[in-house]
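Trainee:
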Amino acid sequence: MDLQIDEFYKDAAAGMLLLYQAFPRKIGLYVEDLIGFEEPDEFGLPSKRHQSCLGALIWLADEGYIRFESTIRYEALDQAVLSEKGFLRLSRAIPHVAGAAELPAAVRRVQGTLAHQLREALAERQSERIVRLARLLFDRSALFDGE
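The numbering used here numbers the first residue of the sequence shown as 122 and each following residue consecutively.
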């Protein structure tokens with residue numbers, strides 16, 4: 122099992138959701154806010170888990186989902202914000218949200234977004250659902266024709 126890939130999906134989703142909640146403001150995006158405190162190794166370097174989370178955030182920037190001005194040591198991305206690509210993907214509706222028909226239109230719109238679905242999956246620690254939804258975030262052909 123590739124545990125680091127599951128962690129990547131979780132870290133990427135959690136990081137993008139923090140930026141979505143702050144959008145359009147730029148914020149400091151701290152690794153510790155995403156994965157909690159990780160004890161540095163015997164040489165004072167960040168743990169592999171910490172480095173992987175930071176790597177996921179930098180990958181998101183490299184792929185155009187987020188932007189940032191600089192890193193704060195190994196701790197954070199400074200002045201981070203969602204890119205247009207990241208914002209549009211998180212705010213798009215996912216088809217076939219169960220039980221949505223009886224909800225008011227505004228509630229359906231919010232609850233049907235990929236952001237809301239990811240937030241729910243993270244809060245409920247539903248690993249397989251997180252992976253499936255994060256893959257939708259990165260799968261250009263799945264829901265995002267025209268980008």
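We treat Cβ as the ideally placed atom computed from N, Cα and C, and that holds for glycine.
Could you spell out the range, first to last residue, of the alpha helix (DSSP H) harbouring L243?
Mentor: Segment L235 to A244, the alpha helix (DSSP H) holding L243.
Trainee: Between which two residues does the alpha helix (DSSP H) harbouring L175 extend?
Mentor: Unbroken alpha helix (DSSP H) run through L175: K169 to D183.
Trainee: In this structure, what does DSSP give as the bridge partners for L150?
Mentor: DSSP lists L198 as partners of L150.
Trainee: So, at 8 Å on beta carbons, what are the nonlocal neighbours of E89 in its own chain, with the 5 sequence-adjacent residues on each side left out?
Mentor: Outside the displayed span of the chain (122 to 268) sits residue 89, for which this structure offers no information.
Trainee: How would you label R261, buried or exposed, when you count the other beta carbons within 10 angstroms and need 16 or more for buried?
Mentor: Flag for R261 reads exposed.
Trainee: Please name the residue in L166, F208 and I193 whose C-alpha comes closest to that of L102.
Mentor: Nothing can be reported for residue 102: it is not among the residues displayed for the chain, which extend from 122 to 268.
Trainee: Would you call A242 buried or exposed, if buried means 16 or more other Cβ atoms sit within 10 Å of its Cβ?
Mentor: It counts as buried.
Trainee: Given a cut-off of 8 Å on the beta-carbon distance, is the pair L198 and L178 in contact?
Mentor: A contact, by the Cβ cut-off of 8 Å.
Trainee: Could you tell me whether any non-hydrogen atom of the ligand GDP is closer than 7 Å to the CB of Y186?
Mentor: As far as ligands go, the structure on display features none, and thus does not contain the ligand GDP.
Trainee: Please work out which residues of its chain come closer than 8 Å, Cβ to Cβ, to F144, disregarding the five sequence neighbours upstream and downstream, and give them in chain order.
Mentor: Hits under 8 Å: V202, L203 and F208.
Trainee: Please state the DSSP three-state secondary structure of S248.
Mentor: Three-state DSSP puts S248 in a helix.
Trainee: Within its chain, find whatever has a CB closer than 7 Å to the CB of S248; leave out the 5 residues flanking it on each side and keep chain order.
Mentor: For S248, where only same-chain residues beyond five positions count, the Cβ hits under 7 Å are D127.
Trainee: What number of angstroms, rounded off, separates the C-alpha of R240 from the C-alpha of D123?
Mentor: Cα-Cα distance, rounded: 23 Å.
Trainee: What did DSSP end up calling R253 once you bin it into helix, strand or coil?
Mentor: Helix at R253.
Trainee: Please state whether DSSP places I193 in a helix, a strand or coil.
Mentor: DSSP places I193 in strand when its eight states are reduced to three.
Trainee: Name the residue from T192, L224 and Q142 whose alpha carbon lies nearest to the alpha carbon of V152.
Mentor: V152 has its Cα closest to that of T192, out of T192, L224 and Q142.
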